[in-house]
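As structure tokens, the structure follows; a few thoughts come after it.
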Amino acid sequence: MATFQVVVGDPESGDSYQFEVSDQDANRFLGKELGDEVDGSAVGLDGYTLEITGGSDSAGRPMRDDVTGPNLREVLLEGRSTGYRPNRDGERRRVSVRGREVGDEVAQLNARIIEAGETSIADLLSGDDAEDDE
Numbered sequence: 007m008a009t010f011q012v013v014v015g016d017p018e019s020g021d022s023y024q025f026e027v028s029d030q031d032a033n034r035f036l037g038k039e040l041g042d043e044v045d046g047s048a049v050g051l052d053g054y055t056l057e058i059t060g061g062s063d064s065a066g067r068p069m070r071d072d073v074t075g076p077n078l079r080e081v082l083l084e085g086r087s088t089g090y091r092p093n094r095d096g097e098r099r100r101v102s103v104r105g106r107e108v109g110d111e112v113a114q115l116n117a118r119i120i121e122a123g124e125t126s127i128a129d130l131l132s133g134d135d136a137e138d139d140e
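Converting from the sequence shown to the working numbering requires adding 6 to each position, the first position being numbered 1.
The structure is reproduced here in structure tokens:
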């Protein structure tokens, strides 16, 4: 069974919200890729639509859009990009990264709200134990 954190960013207010998902709700994310849309009810945001923007596994290896599948790959990276910060100009390094598909190994997913529902997020979360990160 997959269990992971989903961090949802609200581009309107700049706030982010963390949700722990498991079981059936986590299954809604499995098999999706970066850039795919997911129904917000998977994290308790009924009526909202989310877009998966990134994520990482338990070791902190980031998901990359240019790597297919859910598995680890070693890619040669050059220049500042996701998962690599060079120390000097022209430096390249082989780095382990996750593919763009969400799998069981993912520990954290990042998403943003692309379509808001009729009910405000504050009203939806008033009864939940979700934390607001400021």
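In this text, a Cβ means the ideal position worked out from N, Cα and C, and glycines have one as well. Here the structure is a predicted model, which means the values were calculated and not measured.
Beta-ladder partner(s) of residue i, from DSSP
i, result
"Q30", "Note: Q30 sits in no beta bridge, so no partner."
"E57", "E43 and R118"
Sub-8 Å separation of residue i and residue j beta-carbons
i, j, result
"G53", "G123", "yes"
"G60", "L40", "yes"
"G89", "P68", "yes"
"R79", "R106", "no"
Which of helix, strand or coil DSSP assigns to residue i
i, result
"D129", "helix"
"E140", "Residue confidence for E140 is low, a pLDDT of 45 falling below 50, so the modelled location carries little weight; the figure read from the coordinates is stated next. If DSSP states are grouped into helix, strand and coil, E140 belongs with coil."
Close Cβ partners of residue i (< 7 Å) along its chain, the five nearest in sequence each way excluded
i, result
"D129", "none"
"L82", "R98 and R100"
8 Å Cβ shell around residue i - same chain, five flanking residues per side excluded
i, result
"D139", "Caution is warranted here: a pLDDT of 48 is assigned to D139, below 50, making its placement in the model unreliable, and no coordinate value can be reported."
### Task
Would you mind listing the beta strand (DSSP E) stretches within the segment 61-118 that are 3+ residues and don't spill past its ends, in chain order?
78-84 and 98-104
Practice problem: Report the residue ranges of all beta strand (DSSP E) runs contained in full by the segment 10-54; include only those spanning at least 3 residues, in chain order. | Solution: 22-28 and 43-45
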